[in-house]
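This note's numbering applies: residue 14 is where the sequence shown begins, and numbers increase by one. Remarks on the structure that follows.
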Amino acid sequence: MSTLAQMFPPAPTFTEKSLTDLFSKVYIITGATAGVGLELAKILYSLNATVYIGGRSLTRCNEGFQAIQSAHPTSKGTLKPFIADLSDLKTIKSAVESFLNEEHRLDVLFLNAGVMLPPEGSKTKDGYNMEIGVNCLSSFLLVNLLTPIMAFTSSHFCHPNPSIRIVWVSSCLDMGTPKGGVQFPSSTPLSPSKCNPPFSSSRTTSSTAPLSSTLTSFRSPTEPSDAPKQLKGMAQYMQSKSGAYLLAHEFSARTSKNAHGNGIMHVSLHPGFMKTELQRHIPAPARAMMGTVFKGPKYGAYTELYAGLAPDVEDGAFYWPWGRKGAVPAHIIESTENGEDGRSVSSRFYEWCEEQVKLFM
Ligand SMILES: NC(=O)c1ccc[n+]([C@@H]2O[C@H](COP(=O)([O-])OP(=O)(O)OC[C@H]3O[C@@H](n4cnc5c(N)ncnc54)[C@H](OP(=O)(O)O)[C@@H]3O)[C@@H](O)[C@H]2O)c1
14 MSTLAQMFPP APTFTEKSLT DLFSKVYIIT GATAGVGLEL AKILYSLNAT
64 VYIGGRSLTR CNEGFQAIQS AHPTSKGTLK PFIADLSDLK TIKSAVESFL
114 NEEHRLDVLF LNAGVMLPPE GSKTKDGYNM EIGVNCLSSF LLVNLLTPIM
164 AFTSSHFCHP NPSIRIVWVS SCLDMGTPKG GVQFPSSTPL SPSKCNPPFS
214 SSRTTSSTAP LSSTLTSFRS PTEPSDAPKQ LKGMAQYMQS KSGAYLLAHE
264 FSARTSKNAH GNGIMHVSLH PGFMKTELQR HIPAPARAMM GTVFKGPKYG
314 AYTELYAGLA PDVEDGAFYW PWGRKGAVPA HIIESTENGE DGRSVSSRFY
364 EWCEEQVKLF M
């Protein structure tokens with residue numbers, strides 16, 4: 014039922030016609046050189062906003078600029094490149110630094126870029142599974158690096174504050190999602206006290222080293238053994254997309270625990286089923302079948318526009334195509350609740366991501 018409701022949504026009600034001038038506003042859209050991100054950029058630019066076009070190279074960004082400007086030649090908006098290869102974490106900080114050198118505000122960060130079913134075994138430059146790296150780790154790093162300017166925007170420019178948002182693009186969580194969303198190996202130790210005894214380790218340890226130092230240096234909770242499981246095919250893609258939902262939940266929950274908050278809302282969404290380059294690695298017959306049901310990318314842009322700019326959006330909520338509040342499967346909600354070990358899957362995934370991006374902050 015949930016799946017059908019997402020596959021055949023009612024017509025979008027929040028569109029470019031719902032908005033007035035966005036002249037003073039600043040947006041970043043990752044993956045804005047194609048598909049849904051490109052369509053979203055066209056809408057925001059048509060309303061005179063400053064839009065940073067996320068792309069992996071200046072050439073890709075320039076291609077995006079041309080498509081956007083030719084669709085809206087009279088716009089008074091501004092287009093700028095936000096160049097980072099999201100499969101290479103070290104390229105992200107310099108993109109953020111260039112942005113911070115130019116702007117004093119950031120209204121909405123759209124974490125839209127995504128990769129699905131790359132050739133089996135594809136890894137990021139940092140050695141992570143490609144879908145987890147691009148769809149989760151790069152977003153986690155961007156959020157951390159851009160939170161200060163967004164908190165500043167909220168406190169200095171925006172009243173009421175809920176207009177400052179981070180939009181996490183997930184997927185249809187009712188289809189092909191592994192149980193719990195993100196899966197960890199169950200035998201992974203969570204703290205040094207739960208580690209295997211040091212001397213049964215395959216690591217070489219000095220027999221003269223004090224036991225305490227051996228224990229703490231032995232097997233930190235965030236070493237590869239604490240990484241999410243490597244799944245196969247679509248299950249791995251859906252694990253990464255569930256990861257985006259769980260991170261949005263976790264950022265929202267952690268921010269609201271802070272007495273003063275920071276004025277930034279985190280929301281996530283399923284953009285809808287659209288015919289785009291995302292399906293580039295899917296065999297042609299299946300792609301042709303999808304083409305009969307899937308819509309154009311502008312529809313997905315309406316879902317993101319709703320989550321990013323509609324007035325009735327709620328912090329931590331999940332949105333369905335083409336812009337309405339939606340339900341999340343119970344097994345994924347359970348992953349946001351504490352288990353027997355007093356820890357939730359979402360907090361474990363958040364902390365794993367935090368550890369991986371530390372070096373790139
Ligand atoms: N289309 C659907 O039916 C559907 C359904 C559910 C969820 N989604 C989600 O919606 C979002 C947008 O998807 P789409 O359909 O618009 O896909 P798309 O047409 O393939 O666009 C994806 C964008 O992400 C960029 N990207 C990919 N890897 C990158 C990297 N390493 N560094 C920088 N940029 C990178 C791409 O740049 P290049 O062009 O340079 O590769 C492109 O601009 C994704 O998060 C996707 O998972 C889509």
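Ideal Cβ placement from N, Cα and C applies to all residues, glycine included.
Practice prompt. Using three-state DSSP, classify H117 as helix, strand or coil.
Written response: Secondary structure of H117 (DSSP, three-state): coil.
Worksheet item: Taking 7 Å as the cut-off, does the CB of S135 come closer than this to any heavy atom belonging to ligand 1?
Response: Because no heavy atom of ligand 1 lies under 7 Å away, the Cβ of S135 does not count as near it: no.
Fill in: Whole-number beta carbon distance between V147 and S1, since they are thought to touch under 8 Å
Because residue 1 is not part of the residues shown, which for the chain are 14 to 374, the question remains open.
Fill in: Every unbroken beta strand (DSSP E) within the region 256-290, with a cutoff of 3 residues, ordered by chain
Scanning the region 256-290 from its first residue to its last, the whole beta strand (DSSP E) runs of 3-plus residues come out as 278-282.
Discussion item. Considering only DSSP beta bridges, list what L1 is partnered with.
Written reply: What the structure shows of the chain is the stretch from 14 to 374, and residue 1 is not part of that stretch, so it cannot be assessed.
Practice prompt. Closer than 7 Å by C-beta to H85: which residues in its own chain qualify, once you throw out the five before and the five after it? Chain order, please.
Written response: Cβ neighbours of H85 beyond the five flanking positions: K55, Y58 and S59.
Item to complete: Spell out the partners DSSP gives N142 in its beta bridges.
Response: Paired residues: K136.
Item to complete: Classify K38 as buried or exposed, calling it buried when 16 or more other Cβ atoms lie within 10 Å of its own Cβ.
Response: Here K38 is buried, its C-beta having at least 16 other C-beta atoms within 10 Å.
Practice prompt. Compare the Cα-Cα distances from G127 to each of A24, Y65, T72 and Y250 and report the closest residue.
Written response: Of the candidates A24, Y65, T72 and Y250, the one whose C-alpha sits nearest the C-alpha of G127 is Y250.
Worksheet item: With a CB to CB cut of under 7 Å and the five nearest residues on each side skipped, what residues in its chain are close to A248?
Response: Cβ neighbours of A248 beyond the five flanking positions: G189 and P191.
Item to complete: Kindly identify the DSSP beta-bridge partner or partners of R337.
Response: DSSP lists W333 as partners of R337.
Item to complete: Could you name the residues of the same chain whose beta carbon sits closer than 7 Å to that of G44, not counting the 5 residues immediately before and after it, in chain order?
Response: Counting only Cβ-Cβ distances below 7 Å, and skipping sequence neighbours, we find G50, G67, N125, A126 and G127.
Worksheet item: Is S100 near ligand 1, with its Cβ less than 7 Å from a heavy atom?
Response: Yes - ligand 1 has a heavy atom lying nearer than 7 Å to the Cβ of S100.
Item to complete: Indicate the three-state DSSP secondary structure (helix, strand or coil) for P175 in the structure shown.
Response: P175 falls in the helix class under three-state DSSP.
Item to complete: Using a threshold of 8 Å, state whether the C-beta atoms of S15 and A340 are closer than that.
Response: The beta carbons of S15 and A340 sit closer together than 8 Å.
Worksheet item: Closest to L158 by CA distance: which of S176, T104, N142 and S269 is it?
Response: Nearest C-alpha to L158: T104.
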